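Here is the structure we will look at.
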Amino acid sequence: MLRERVIDITKELVNIYSPTNTAEEQKVEAYLLQLLKGMPYFKEHPENCGAFAAADDCFGRSTIYGLVQGKSKKTVVFMGHHDVVSTEVYGALANVATCPEALVKELEKVDLSPEAKADLESGAWLWGRGTCDMKGGTAAQLAFLESYSQNPEAGSILFISVPDEEAFSVGMRSCLPLLKALRERYGLEYQVAINCEPNSIEDGKQIIYSGSVGKMLPVVLVQGKSVQIGSYPQGVNPVAVLAEIICATEADYSISDSLGEESTVPPVWNFARDLKPGYDFSLPRRTAGYCNVLTFSKTPAQIMEWFVAACNKGAQAAMTKQGCGHSLKVLTYGELLEIAKERAGFADFYQGLQGRMARKLQIEQLDFPSITLWAMEEVLDFVGMDVPVVITAFAPPYYPALNSGKLVGTDFKKVVEHVGTLLPVKCKEYFMGISDCSYLGMDAKFDSAALAANMPCWGKLYSYDMEALGKLQIPFLLLGPWGKDLHQRTERVHVESLTVALPKVLQELCSYIWKK
């Protein structure tokens, strides 16, 4: 019965295409809310479920939640997300990417890798966008919640499903006050959160995680000196400067964090370009780029210190090669803003800038890195600085690193060990793909000053409740079904793992937590 229910809910969720960072996410939210309200428990307790609107969200999205209260205040949080990445990668098959049966028929006609072809022929997998990441895991949570709600004799379960996990975590950041309010209203004791994101299998063991890696996005804006290329020795080429900065930072393992046998990947650049609108026979005036830096323990202040030093190194290398005689200063955005404050009319300019940034996000629907670079240019123009300069900043999203062991101590190992009695697992300290679990607490003292001072979007445009984050302190496991090829056209989830193994683990783990 539970097996069939998981499959039914999975297919219904997958059928509702909900690409991230779009108003289409509202459709799956309506389905989730209707499903919860249709359960007998929530008909008797309608106040225990609802939609919690994401603050100032231009797409009108919400976190969907449902609280089943047992006899104990000990509460397990079932968490997940209901957005998916786009179906663009499916190409001509995009129109059937959310219809598992139809997709299988079409995949039989195309070339697949030997592994994917074998899985397709086995009939043991459910295929389609979101089956793996992560509507299957959400369906297992809902099916178990529905079953448990008929006789909640033990502890409590709080189900939350958030929008926008795949882009900027708008949902998770916005629902921190909800988690805080529910705890205070009902006296809940949050014991553990189970995020049913898909897991891989290595050497016969399912890989689960008790931590989530942190991520920062350092941004750089380079202003050179534009001259006709024939007069190159008199100019400063910002393309060359940016290239040297990239060389000084890309794959720099010195900034990587380690814990035991695990290490973060080094910095990776995923955007770099000149800002000239078209071609002519002159050097560009400005270039820009940003890179991803993953962390276990390093703070924004430490990352900014490293980035500024690397930019200085890159700028010096570029100036030495060109031999132009120009100097090239490196400033943080915070330092640039202090210069701007000394200019007449700053208050009016800055207020107007904030309004225009909001319009670019909500109306023009630009992403945060693009808005960050635009704002940096606007402040630089306001200052009137026309000399070669390098400006550094942070762009959203920012994911704090969080580790359950650091959060609650060695006792959490007992929870992991119990999972190991239910199925073969290997627990790693950190999930490297970033996740919403980053916003469940803080495992170290964190000074947000360096982040706020150097992030143009920080404030009403992008923020989260630091106080709530510091008080929640919910340990977690990234523990879901066995899945493969998430975000690819061969995305799939193992049916037996999804419908039998995962519900059993959820049931047994909840019982263990409530009795512990």
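Last residue of the sequence shown? That's 1827 in the working numbering, and every number before it is there in order.
Ideal placement from N, C-alpha and C gives every residue a C-beta, glycine not left out.
This structure is a prediction, so every number in the text was calculated from the model and none was measured.
- Task: Output the residue ranges of the alpha helix (DSSP H) runs that lie fully inside the stretch 1456 to 1499 and measure 4 residues or longer, sorted by chain position.
- Result: 1481 to 1485, 1487 to 1497, all fully within the stretch 1456 to 1499.
- Task: Rank Phe1370, Lys1322, Val1325, Leu1817 by C-alpha distance to the C-alpha of Thr1333 and give the top, closest one.
- Result: Here residue 1333 is taken as the residue at index 22 of the sequence shown, counted from 1. Answer by Cα proximity: Phe1370.
- Assigned secondary structure, Asn1581 (DSSP; H/G/I helix, E/B strand, else coil): The residue you call residue 1581 lines up with position 270 of the sequence shown. Reduced to three states, the DSSP call for Asn1581 is strand.
- Item | From His1798, Gly1791, Asp1747, residue whose alpha carbon lies closest to that of Cys1738 | The sequence position of residue 1738 within the sequence shown is 427, counting from 1. The shortest Cα separation from Cys1738 among His1798, Gly1791, Asp1747 belongs to Gly1791.
- Message: Which residue marks the beginning of the beta strand (DSSP E) containing Thr1683, and which one marks its end?
- Response: Numbered from its first residue, the sequence shown carries residue 1683 at position 372. That residue, Thr1683, is in no beta strand (DSSP E); its alpha helix (DSSP H) goes 1679 to 1694.
- For His1729, which three-state DSSP category applies? Start at 1 with the first residue of the sequence shown, and residue 1729 comes out as number 418. DSSP places His1729 in helix when its eight states are reduced to three.
- Message: What does the Cβ neighbour count give for Tyr1590, buried or exposed, with the cut at 16 atoms within 10 Å?
- Response: As a position in the sequence shown, residue 1590 is number 279, starting the count at 1. Counting every other CB atom within 10 Å of its CB across the protein chains shown gives Tyr1590 a total below 16, marking it as exposed.
- Task: Mark Thr1732 as exposed unless 16 or more other C-beta atoms lie within 10 angstroms of its C-beta, in which case mark it buried.
- Result: One-based indexing of the sequence shown puts residue 1732 at position 421. So Thr1732 ends up on the exposed side.
- Message: For a test of the three-state rule: what should DSSP assign to Gly1781, helix, strand or coil?
- Response: The sequence position of residue 1781 within the sequence shown is 470, counting from 1. In this structure, Gly1781 counts as helix in the three-state DSSP scheme.
- Item | Residue from Phe1607, Gly1625, Asp1678, Gln1545 with nearest C-alpha to Glu1828 | The first residue shown for the chain is 1312 and the last is 1827, placing residue 1828 beyond what the model contains.
- Item | Local conformation of Val1698 per DSSP, three classes | Indexing the sequence shown from 1 puts residue 1698 at position 387. Val1698 falls in the coil class under three-state DSSP.
- Task: Within its chain, find whatever has a CB closer than 7 angstroms to the CB of Val1538; leave out the 5 residues flanking it on each side and keep chain order.
- Result: Numbered from its first residue, the sequence shown carries residue 1538 at position 227. Same-chain partners within the cutoff: Gln1545, Gly1546, Ser1593, Leu1594.
- Message: What residue range does the alpha helix (DSSP H) around Ala1559 cover?
- Response: Here the question's residue 1559 lines up with position 248 in the sequence shown. From DSSP, the alpha helix (DSSP H) with Ala1559 extends over 1549 to 1560.
- Message: Using the three-state DSSP reduction, which class does Tyr1773 fall into: helix, strand or coil?
- Response: What you label residue 1773 is simply residue 462 of the sequence shown in a count that begins at 1. Correct three-state label for Tyr1773: strand.
- Whole-angstrom distance between Ser1383 and Lys1826, CA atom to CA atom: By 1-based counting over the sequence shown, the position of residue 1826 is 515. By 1-based counting over the sequence shown, the position of residue 1383 is 72. The C-alpha of Ser1383 is placed about 10 angstroms away from the C-alpha of Lys1826.
- Item | Inter-residue Cα distance where the pair is Ala1427 and Tyr1342 | Within the sequence shown, the letter at position 116 stands for residue 1427. Within the sequence shown, the letter at position 31 stands for residue 1342. Rounded to whole angstroms, the separation of the alpha carbons of Tyr1342 and Ala1427 is 31 angstroms.
- Message: Once DSSP output is grouped into helix, strand and coil, what is the label at Leu1664?
- Response: Here the question's residue 1664 lines up with position 353 in the sequence shown. Looking at Leu1664 - three-state DSSP - the assignment turns out to be helix.
- To the nearest angstrom, how far is it from the Cα of Val1339 to the Cα of Lys1782? For the purposes of this step, residue 1339 is taken as residue 28 along the sequence shown, with counting starting at 1. For the purposes of this step, residue 1782 is taken as residue 471 along the sequence shown, with counting starting at 1. Their backbone Cα atoms lie some 30 angstroms apart in a straight line.
- Please state whether DSSP places Ala1341 in a helix, a strand or coil. To locate residue 1341, count along the sequence shown from 1; it is residue 30. Looking at Ala1341 - three-state DSSP - the assignment turns out to be helix.
- Query: Near Ser1746, what residues of its chain come up, given a Cβ to Cβ distance below 7 angstroms and the 5 sequence neighbours on each side ignored?
  - Reply: Against the sequence shown, residue 1746 aligns to sequence position 435. Sequence-distant Cβ neighbours of Ser1746 in its own chain, meaning closer than 7 angstroms and more than five residues away, are Asn1506, Glu1508, Ser1523, Leu1789.
- Determine the direct distance from the alpha carbon of Ser1485 to that of Val1552, and round the result to whole angstroms. Residue numbering aside, residue 1552 sits at position 241 when the sequence shown is read from its first letter. Residue numbering aside, residue 1485 sits at position 174 when the sequence shown is read from its first letter. Approximately 38 angstroms between the Cα atoms of the pair.
- Message: Per DSSP, what are the beta-bridge partners of Trp1793 in this structure?
- Response: Along the sequence shown, one-based indexing puts residue 1793 at 482. Answer is Asn1510, bridged to Trp1793.
- Coarse secondary structure for Pro1544, derived from DSSP in three states: Counting from one through the sequence shown, the residue named residue 1544 turns up at place 233. For Pro1544, the secondary structure class from DSSP, reduced to helix, strand or coil, is helix.
- Look up Arg1256 in the DSSP assignment and give the residues it is bridged to. Given that the chain is displayed from residue 1312 to residue 1827, the structure contains no residue 1256 and the question cannot be resolved.
- Can you find at least 3 beta carbon pairs, one from the stretch 1354 to 1362 and one from the stretch 1318 to 1330, that sit closer than 8 angstroms? By the C-beta criterion, the stretch 1354 to 1362 is judged not to be in contact with the stretch 1318 to 1330, since fewer than 3 inter-stretch pairs fall below 8 angstroms.
- Task: Look at the alpha carbon of Ser1808 and the alpha carbon of Val1415, and state the distance between them as a whole number of angstroms.
- Result: Taking the sequence shown and counting its residues from 1, one reaches residue 1808 at position 497. Taking the sequence shown and counting its residues from 1, one reaches residue 1415 at position 104. Distance between the alpha carbons of Ser1808 and Val1415 is about 19 angstroms.
- Message: Rounded to the nearest angstrom, what separates Tyr1543 and Val1641 at their Cα positions?
- Response: Stepping through the sequence shown from its first residue, residue 1543 is reached at position 232. Stepping through the sequence shown from its first residue, residue 1641 is reached at position 330. The alpha-carbon atoms of Tyr1543 and Val1641 are separated by roughly 22 angstroms.
- From Asp1563 to Pro1351, what does the alpha carbon distance come to, in whole angstroms? In the sequence shown, the residue the question calls residue 1563 occupies position 252. In the sequence shown, the residue the question calls residue 1351 occupies position 40. Straight through space, the alpha carbons of Pro1351 and Asp1563 are spaced by roughly 56 angstroms.
- Message: Buried or exposed for Ile1556, going by 16 or more other Cβ atoms inside 10 Å?
- Response: The residue labelled residue 1556 in the question sits at position 245 within the sequence shown. Under this definition Ile1556 is a buried residue.
- Within 10 angstroms of the Cβ of Ala1403, are there 16 or more other Cβ atoms? Answer buried if so, exposed if not. Reading the sequence shown from its first residue, position 92 is the one you call residue 1403. Per the 10 Å Cβ criterion, exposed.
- Exposure label - Glu1419; buried when at least 16 CB within 10 Å: Start at 1 with the first residue of the sequence shown, and residue 1419 comes out as number 108. Glu1419 comes out exposed.
- Message: Quick check on Phe1607: does DSSP put it in helix, strand or coil?
- Response: Mapped onto the sequence shown, residue 1607 falls at position 296. Coil, per DSSP.
- Tell me which same chain residues have a C-beta within less than 7 angstroms of the C-beta of Ala1651, skipping the five on either side of it? Here residue 1651 corresponds to residue number 340 of the sequence shown, with the count starting at 1. So the qualifying residues of the chain are Phe1657, Val1690, Phe1693, Val1694.
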